[in-house]
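Read the structure below first, then the notes.
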Amino acid sequence: MKKSIEKLVKSITESTSITDIYDNQICNTLSPVIDFFIFPEYLIFNATTYSSKIVSLLIFLAIIVVFGLLFEFILKKAFKQGTLLELTIKIFGKIMTIAILFYGIKIVIYLIRLKKY
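Residue numbers (the numbering used here): 9 to 125.
Next up, the structure:
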């Protein structure tokens with residue numbers, strides 16, 4: 009069990025593309041779009057060390073939060089009041105929560121790998 013967890017953590021931290029983790033035709037087709045969201049530390053910031061990956065993910069997370077707050081403000085101005093606004097804000101809140109949790113878990117994994125080395 010411990011070896012499989014170590015193998016999973018190693019594959020997550022050392023992969024630079026979704027095709028490094030999974031290899032099939034669908035992943036090869038969707039790789040340019042998916043890799044931008046799953047591995048922004050490589051594609052946007054070109055990070056190679058664990059510390060630079062952590063910093064770049066924190067910057068990316070801050071950018072996502074700022075754009076999320078801006079988008080929510082625009083939605084509130086555009087829709088004013090109503091059930092559509094409430095539904096949109098709920099869905100958007102869940103998407104933002106998932107994104108923050110995903111990148112937060114990734115940062116924690118990089119911190120664990122950084123402390124090991």
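Don't be surprised by glycine CBs; every beta carbon is placed ideally from N, CA and C.
Boundaries of the alpha helix (DSSP H) around G112: T91 to K124.
With respect to the C-alpha of A107, the residue from I71, L122, L92 and T96 having the closest C-alpha is I71.
The C-alpha of T56 lies about 46 Å from the C-alpha of T91.
For S23, the secondary structure class from DSSP, reduced to helix, strand or coil, is coil. For the pair of segments examined, the segment 9 to 18 was found not to touch the segment 75 to 89: the number of CB pairs separated by less than 8 Å stays below three. Pairing I117 with T21 gives a Cβ-Cβ distance under 8 Å. Within the same chain, G76 come within 7 Å of M104 by CB-CB distance, once the 5 residues on both sides are set aside. For K85, the uninterrupted alpha helix (DSSP H) run begins and ends at Y58 to F87, by DSSP. Shown here, I52 sits in coil according to DSSP, grouped into three states, outside any helix or strand. Spanning the alpha carbons of N36 and I52 requires a straight line of approximately 20 Å. Straight across, the Cα-Cα distance linking L95 with K61 is about 35 Å. The three-state reading of DSSP puts F47 in coil, since its state is none of H, G, I, E or B.
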